[in-house]
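*Asks:*
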Amino acid sequence: MNVEEKKIAFLTKNFPDIAPDDIVINDFSCSLQKDTLVQGRIYLSSLGYYFYSKVFGYVNTVFSPWKDVCKLKKDNAAFFLPIVLHISTTTEQHTFQFWQNRNKIYAIIKVIWLNHQSSEPLTKYQLIKKAEEIIKL
């Protein structure tokens, strides 16, 4: 089983409603703002974003399809502070903090989200290639 297959197997186990044709474009360590910051991982897929955290046996999960995302907002902090990204859907808002590759992660999320609004969207594999190009910059 390659790395991508392992990621999909992990998501399938923890998010039973995942679409069988969904693929992971990229994933990153981050924190989700709740009552406190919850350290976990965000998985950016072709159909939506997944957040998974398991800290001291307590599991937090979030899934939102890209089609439900209506707004992205990036708050830039000082150079050494994390980027804060607010993702608003039709029903809720999620706030994530990223410490590494901050602007690149935002760029990837924006590309995927805008792709879902496009009249001529990229294929899943073109999205993966685009994300890889952004990371290499």
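FYI, the numbering used here numbers position 110 of the sequence shown as 133, with every residue one higher than the one before it.
We treat Cβ as the ideally placed atom computed from N, Cα and C, and that holds for glycine.
As the structure is a computational prediction, the values presented were derived from the model and not from experiment.
Just the C-alpha distance for Thr84 and Phe74, rounded to the nearest angstrom, thanks.
*Replies:* Taking the sequence shown and counting its residues from 1, one reaches residue 84 at position 61. Taking the sequence shown and counting its residues from 1, one reaches residue 74 at position 51. In a straight line, the C-alpha of Thr84 is about 5 Å away from that of Phe74.
*Asks:* Starting from Ile46 and walking both ways along the alpha helix (DSSP H), at which residues does that stretch end?
*Replies:* Numbered from its first residue, the sequence shown carries residue 46 at position 23. First-last for Ile46: undefined, no H or E at that position.
*Asks:* Would you check if the segment 137 to 149 and the segment 110 to 123 touch, i.e. whether three or more CB-CB distances between them fall below 8 Å?
*Replies:* no
*Asks:* Can you tell me which residues form a DSSP beta bridge with Ile106?
*Replies:* Position 83 of the sequence shown, counting from 1, holds the residue named residue 106. Ile106 is bridged to Phe121.
*Asks:* Please check the pair Ile151 and Lys127, which I expect to be a contact at CB under 8 Å, by giving their CB distance rounded to whole angstroms.
*Replies:* Here the question's residue 151 lines up with position 128 in the sequence shown. Here the question's residue 127 lines up with position 104 in the sequence shown. Not a contact, Cβ separation roughly 15 Å.
*Asks:* Measuring CA to CA, which of Ser54, Val61 and Gly71 is closest to Asp40?
*Replies:* In the sequence shown, the residue the question calls residue 40 occupies position 17. When only C-alpha atoms are compared, the closest one is Gly71.
*Asks:* Return yes when the Cβ of Trp136 is within less than 7 Å of the Cβ of Val92, no when it is not.
*Replies:* Here residue 92 refers to the residue found at position 69 when the sequence shown is read from its first residue. Here residue 136 refers to the residue found at position 113 when the sequence shown is read from its first residue. A contact, by the Cβ cut-off of 7 Å.
*Asks:* Is DSSP giving Asp91 helix, strand or coil here?
*Replies:* In the sequence shown, residue 91 corresponds to position 68, counting from 1. Of the three classes helix, strand and coil, the one that applies to Asp91 here is helix, per DSSP.
*Asks:* Let's see if you can read the secondary structure: which residues bound the alpha helix (DSSP H) around Lys159?
*Replies:* On the sequence shown, residue 159 is found 136 positions in, with the first residue counted as 1. Unbroken alpha helix (DSSP H) run through Lys159: Lys147 to Lys159.
*Asks:* Who are the near neighbours of Lys133 in its chain, counting only those whose CB is closer than 8 Å to its CB and skipping five residues on each side?
*Replies:* The residue given as residue 133 occupies position 110 in the sequence shown. Contacts found: Leu95.
*Asks:* Helix or strand or just coil, what does DSSP make of Leu137?
*Replies:* As a working mapping, residue 137 is identified with position 114 in the sequence shown. DSSP places Leu137 in helix when its eight states are reduced to three.
*Asks:* Helix, strand or coil for Leu34, going by three-state DSSP, please let me know.
*Replies:* On the sequence shown, position 11 is the one that residue 34 refers to. It is helical.
*Asks:* Have a look at the DSSP bridge pairing and note the partners of Val61.
*Replies:* Residue numbering aside, residue 61 sits at position 38 when the sequence shown is read from its first letter. According to DSSP, Val61 bridges with Leu55.
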